[in-house]
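Going by this note's numbering, the sequence shown opens with residue 2, and the numbers climb by one from there. For every residue, glycine included, the Cβ atom is placed at its ideal position computed from N, Cα and C. Since the model is a prediction, treat every value here as computed from it, not as a measurement.
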Amino acid sequence: MRTPFVFVARSCKAVHRLQQSPFFSPISALSRHQRVSVLRQTSTHPSKDDRSYYITTPIFYVNASPHLGHLYSAVIADCFHRYKLLQGFDSKFATGTDEHGLKIQQAADTAGKDPLTFCTDVSERFKHLFSRCNVSYTDYIRTTEQRHREAVEHFWSVLWNKGFIYKGSYEGWYSTQDESFLTPSQVGDALDSSGKEIKVSLESGHKVDWMQEENYMFRLSEFRPQLLDWLRGNPRAIQPERFYQAVLQWLQEDLPDLSVSRQRSRLQWGIPVPGDAEQTIYVWLDALVNYLTVAGYPDKHEQWWNVAHHIVGKDILKFHAIYWPSFLLGAGLPLPQTIHVHSHWTVGGKKMSKSLGNVVDPLERSQMFTTDGMRYFLLRQGVPDSDCDYTDDKAIKLLNAELADSLGGLLNRCTAPALNPAQVYPSFCPQSFPNQPGGRAVVEDYHMLDAVKHLPALVEQHYESMHVYKALEAISACVRQTNGFVHRHAPWKLDRRDSKDRRWLDTIIHISLECLRIYGTLLQPVVPEISNKLLSRLGVQQGERSWADVNFLPRYQGMDCPFEGRALGSDSGVLFSRLERQNVDQQKPKKTKKAAKVK
Ligand code: MSP
C-alpha cells in the first residue's frame with residue numbers, strides 16, 4: 002500500500018531537484034539552440050565508469066504463459082549480457098513482468114483470481130522458464146513492487162511539476178490487448194469469430210474500443226523536434242537501420258498529446274495518480290519506468306542509467322522510440338544509448354500469440370532440443386530485420402548439422418583416443434606448418450588459419466550490432482573449414498611410429514584444438530553449457546575463457562602456447578546428441594485458431 006507520507010517527502014525532493022535543474026522550464030519554451038544543448042546534455046552523458054553496461058528486456062505481460070517469442074527477447078539480452086561480461090564489463094541485466102493495466106485486470110477476473118495472486122503465478126512461470134534456459138538476469142523486476150511504485154510516483158511528479166502533464170480529456174480508439182491509443186487511420190473494420198462487425202488495430206489486428214474520458218495528458222506534441230534532433234545526431238540509437246528509418250518516418254507527422262491515465266472506475270489495477278486517487282497511471286508509462294527503477298531511480302541511478310541499452314520487439318517500437326524518450330526528455334534524464342529491435346517468430350506466417358492459439362511452448366522445446374539447442378536455434382535463425390517462421394523441422398536440421406555433426410564431430414575426432422592416445426594438447430611443429438609455404442600445409446590451410454585468426458574481431462562486430470546470427474554463421478563457416486582441414490589431411494592415415502608423420506599429426510590436432518578453443522570461447526554467450534563442456538574437455542581453465550584470452554595459435558607466430566602439452570579434461574560424453582524426428586513429433590504446437598479477419 003502506498004503511504005501518502007512517503008510520496009509527499011519524495012515529491013518535495015523532486016521539486017527541490019527541479020528548482021536546481023536547468024530543465025525547469027518546459028522544453029517548448031526554449032529556443033532551438035537551447036533545445037539542442039539540452040539534448041546534448043541528456044543524450045550523450047559519458048559514463049564515469051566506462052566499463053559499466055546495462056541491458057534490459059521488455060517486461061513481459063502476465064496475462065498468459067510465456068511463449069517462444071518472449072524467450073527470444075530474453076535470450077538476445079542474455080547473450081549481450083554474457084558477451085559484455087566476457088569482455089570485462091560490469092554488466093547489469095534486467096528483466097521482469099509488466100503486471101498492471103486493463104488487460105491483466107481482465108485476465109485475472111476471467112481466471113477468478115485476485116490480480117496480485119494471478120500476477121505472481123504467471124510471473125513465477127517466466128522466472129522458471131528463464132532459469133531453465135540459463136537467462137542469467139541480475140535483476141528481476143515486477144511492476145507491483147514497492148520500489149517500482151516509488152519510482153513511478155517520483156517520475157510522474159517530476160513531469161507534473163515541470164508542466165508536461167495537464168488535466169484534459171481523451172476521446173478515441175483504445176486497444177486493450179496492446180494497451181495502446183490509436184488514431185482513426187490506424188483502425189480498420191473486421192469481423193470477429195462469430196461474424197460480428199468490429200473495429201481492429203490495423204497493425205496488430207486486435208479489437209479496439211471507443212473511449213471518452215477525463216484524464217491526464219502528456220505534452221507529447223512538444224517533443225517532436227527534440228526527438229528528431231536526437232535521432233539525427235545519433236544514427237545508431239535505433240538498430241537495425243530499418244527501424245531507425247521507420248521512427249524517423251513516424252516523426253514526419255504531428256504527434257498528438259498522449260493520455261497518461263485512466264479513470265479509476267474503469268481501471269483499478271495500477272498505480273494511482275499522485276494526488277488524484279480518481280485516476281490510475283497509464284500502464285505504458287508505469288511499465289517503461291521499470292528500466293529506471295532497476296537502475297536505482299529516484300536515488301543514485303547514473304552509473305547504470307547512463308549506459309542503458311534496450312532490447313525490444315518491433316511491435317513495441319513506438320512506445321520505446323517515441324513515448325519513452327519523450328518522457329525522459331521531459332524528466333531531464335539521459336536517453337538510452339541504443340534500442341535494439343528484433344522481429345517476430347511466426348507460425349505458418351502468423352505472429353505467435355495467445356489470441357491466435359499458435360504459441361510454441363519454449364519449455365517443451367528446450368526439453369526436446371536441450372536448453373543450448375533452443376538458444377542456438379533462436380539466435381542462429383532469428384534475424385532482427387525480418388520475421389522468421391518456426392518449425393520443428395528447421396530446428397532439428399540446423400542443430401543436427403551445426404552442433405551435433407560439425408562442432409561435436411570435430412571435437413570428437415580430435416580428442417578421440419585413436420588420434421590422441423596421450424589425451425593431451427599436442428605440440429605444434431613449425432617445420433610441418435611453417436609461416437611460408439614449404440611444409441605439409443596447403444594453400445587452403447593457410448586460408449583457414451587466416452579466417453580463424455580474424456574470427457574474434459568479426460564476431461565482436463556482429464555481436465555489437467545484434468547480428469548474432471551473422472556471428473554464428475561466421476563461426477559455423479570456420480568450423481566447416483576446420484573439419485575440411487582435418488579431412489584433407491586424414492590424420493588417421495598417418496603413422497605415429499614415423500617421427501615426421503607424428504609431428505605433422507600432432508600439429509593437425511594442435512591446430513584443430515586451437516580452433517575449437519576459439520569457437521568455444523566465442524560461443525559462450527549463446528550456448529554456455531556446450532561451451533563449458535567443450536572448453537573443459539580441452540583443459541581450458543575458467544580463468545582462460547575471456548575475450549582477452551582468444552589469442553589464436555600463438556605457436557604459429559613463434560610464441561609460447563600455454564596449452565601445449567597440457568592434459569585434456571575428462572571426457573563427459575558427446576557435445577550435442579543428434580535429435581530424432583519422432584521424439585519431437587509427439588509434442589507438436591497446437592493448431593492455429595481463426596483470428597479476426599480484417600476486411
Ligand atoms: N509489457 C509490454 C512491454 C513493456 S516494456 C516497458 C509487452 N509485453 S509482451 O509480453 O507482449 O512482449 C514482450 C516481448 O516479447 C516484446 O519484445 C515482444 O516483441 C516479444 N514478443 C512477443 N511475441 C513475439 C513473437 N511472436 N516473436 C518474437 N517476439 C515477440 O509488450
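Member of the options whose CA lies at the smallest distance from the CA of residue i
i, options, result
"W157", "K104, L286, R52, Y470", "L286"
"Y557", "V541, I512, F564", "I512"
"D277", "N401, Q264, V384", "Q264"
"A247", "Q368, L379, D316", "D316"
"H149", "Y138, F486, W174, A288", "A288"
"P226", "L517, S186, S327, F165", "S327"
"K319", "Y73, S532, L228, T96", "L228"
"L357", "P59, E445, A65, E100", "A65"
"L473", "C80, P273, P299", "C80"
"H341", "S354, G314, R366", "G314"
"F429", "P526, R220, R567, W161", "R567"
"L160", "F131, R220, Y292", "R220"
"W231", "M218, L249, E242", "L249"
"L259", "P59, Q542, T184", "T184"
"G271", "H101, L514, S466, N359", "H101"
"D386", "G570, N533, S176, Y245", "Y245"
"Y299", "A152, Y175, D496, H455", "The question names Tyr, but residue 299 is Pro in the sequence shown. The shortest C-alpha separation from P299 is found at A152."
"Q482", "D496, L459, L450", "L450"
"R52", "V453, D110, Y84, A78", "Y84"
"T177", "H155, L192, D190, H207", "H207"
"Q304", "R441, K93, F182", "K93"
"I312", "L576, P563, S74", "S74"
"L503", "N401, Q432, Y470, V551", "Rather than Leu, the amino acid found at residue 503 in this sequence is Arg. For R503, the nearest C-alpha among the options comes from Q432."
"L580", "Y391, P492, I397", "I397"
Continuous alpha helix (DSSP H) stretch holding residue i: start and end
i, result
"I512", "500 to 524"
"R143", "From DSSP, R143 is part of no alpha helix (DSSP H) but of the beta strand (DSSP E) over 140 to 143."
"H455", "444 to 465"
"L289", "284 to 289"
"S53", "It is not in any alpha helix (DSSP H) - S53 instead sits in the beta strand (DSSP E) that spans 53 to 57."
"V261", "Premise fails: V261 is in no alpha helix (DSSP H) and is neither H nor E."
"L473", "469 to 490"
"K355", "From DSSP, K355 is part of no alpha helix (DSSP H); its letter is neither H nor E."
"S181", "It is not in any alpha helix (DSSP H) - S181 instead sits in the beta strand (DSSP E) that spans 181 to 183."
"H82", "69 to 87"
"T371", "No alpha helix (DSSP H) contains T371, which DSSP labels as neither H nor E."
"T416", "410 to 416"
"G234", "225 to 234"
"A396", "393 to 399"
Proximity below 8 Å, CB of residue i to CB of residue j
i, j, result
"V188", "K200", "yes"
"T145", "L117", "yes"
"D373", "I476", "no"
"T339", "R414", "no"
"L524", "V76", "no"
"V261", "I166", "yes"
"P363", "L72", "yes"
"H310", "G70", "no"
"Q382", "L399", "yes"
"Y283", "E214", "no"
"D388", "T347", "yes"
"Q240", "S466", "yes"
"E126", "P67", "Looking at the sequence shown, residue 126 is not Glu but Arg. A contact, by the Cβ cut-off of 8 Å."
"R376", "V527", "yes"
"H82", "I56", "yes"
First and last residue of the uninterrupted beta strand (DSSP E) at residue i
i, result
"K114", "From DSSP, K114 is part of no beta strand (DSSP E); its letter is neither H nor E."
"Q269", "Where Q269 is concerned, there is no enclosing beta strand (DSSP E), given that its DSSP letter is neither H nor E."
"F94", "91 to 99"
"V313", "309 to 314"
"L252", "From DSSP, L252 is part of no beta strand (DSSP E); its letter is neither H nor E."
"D190", "188 to 192"
"V201", "198 to 202"
"V159", "Segment 147 to 162 is the alpha helix (DSSP H) holding V159; no beta strand (DSSP E) there."
"G173", "166 to 176"
"Y217", "210 to 219"
"I340", "339 to 343"
"E325", "Here residue 325 turns out to be Trp, not Glu, going by the sequence shown. Where W325 is concerned, there is no enclosing beta strand (DSSP E), although the alpha helix (DSSP H) it sits in stretches over 325 to 332."
"W346", "346 to 348"
beta-carbon residue i near the ligand MN non-hydrogen atom, thresh 7 Å
i, result
"L286", "With respect to the ligand MN, the structure shown offers nothing to examine, as its ligands consist of the ligand MSP."
Is it true that the segment 86 to 93 meets the segment 530 to 544, where meeting means three or more beta-carbon pairs spaced less than 8 Å apart?
no
Three or more beta-carbon pairs under 8 Å between the segment 480 to 494 and the segment 503 to 510, yes or no?
yes
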